[in-house]
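Let me begin by presenting the structure, written as structure tokens, before commenting on it.
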Amino acid sequence: MRSINLLIFLAWIGVLHAAYSTYEHLSRLKSLGQPEGDLPFNIVVEVLLSLVLGIVGANFGEDSELKDISWRTEMRKRPIEQMINPFLTFPEFKKGAK
Numbered sequence: 001m002r003s004i005n006l007l008i009f010l011a012w013i014g015v016l017h018a019a020y021s022t023y024e025h026l027s028r029l030k031s032l033g034q035p036e037g038d039l040p041f042n043i044v045v046e047v048l049l050s051l052v053l054g055i056v057g058a059n060f061g062e063d064s065e066l067k068d069i070s071w072r073t074e075m076r077k078r079p080i081e082q083m084i085n086p087f088l089t090f091p092e093f094k095k096g097a098k
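The opening position of the sequence shown corresponds to residue 1 in full-length UniProt numbering, with each subsequent residue numbered one higher.
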């Protein structure tokens with residue numbers, strides 16, 4: 001579990017560092033009078049690596065177990081009184097106070 005949290009933490013640090021590096025790069029271009037320019041390759045690689053680390057950390061964590069969302073499991077949670085009308089609907093509110 002700790003290694004997964006470490007991967008997600010490293011991914012966040014990588015994204016934040018890439019954002020700061022992008023800000024510095026664009027500030028440098030603006031100070032040189034070149035408002036347009038491509039991002040350096042190392043910033044793009046850093047963002048992509050952080051993205052991969054974040055995806056791996058999120059997918060293989062212990063908290064990433066998917067819950068069953070079928071109709072049968074939803075009906076198991078409901079009391080028998082709600083089984084008379086099994087159609088889930090929005091609540092109806094009466095307009096105005098009496």
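Cβ coordinates follow ideal geometry from the N, Cα and C atoms, glycine included.
Can you tell me which of the three DSSP states residue i falls into?
{"i": "isoleucine 69", "result": "coil"}
{"i": "leucine 39", "result": "coil"}
{"i": "glycine 14", "result": "helix"}
{"i": "arginine 28", "result": "helix"}
{"i": "arginine 78", "result": "coil"}
{"i": "phenylalanine 93", "result": "coil"}
{"i": "phenylalanine 9", "result": "helix"}
{"i": "glycine 54", "result": "helix"}
Whose C-beta lies closer than 8 angstroms to the C-beta of residue i among residues of the same chain, with five residues either side of it excluded?
{"i": "isoleucine 8", "result": "Leu53, Gly54, Gly57, Ala58, Gly61"}
{"i": "leucine 39", "result": "Thr22, His25"}
{"i": "isoleucine 43", "result": "Ala18, Ser21, Thr22, His25"}
Assuming residue i and residue j form a contact by the criterion Cβ under 8 angstroms, report the distance between their Cβ atoms to the nearest whole angstrom.
{"i": "glutamate 46", "j": "alanine 18", "result": "5 angstroms"}
{"i": "serine 70", "j": "valine 15", "result": "The Cβ separation is near 36 angstroms, so there is no contact."}
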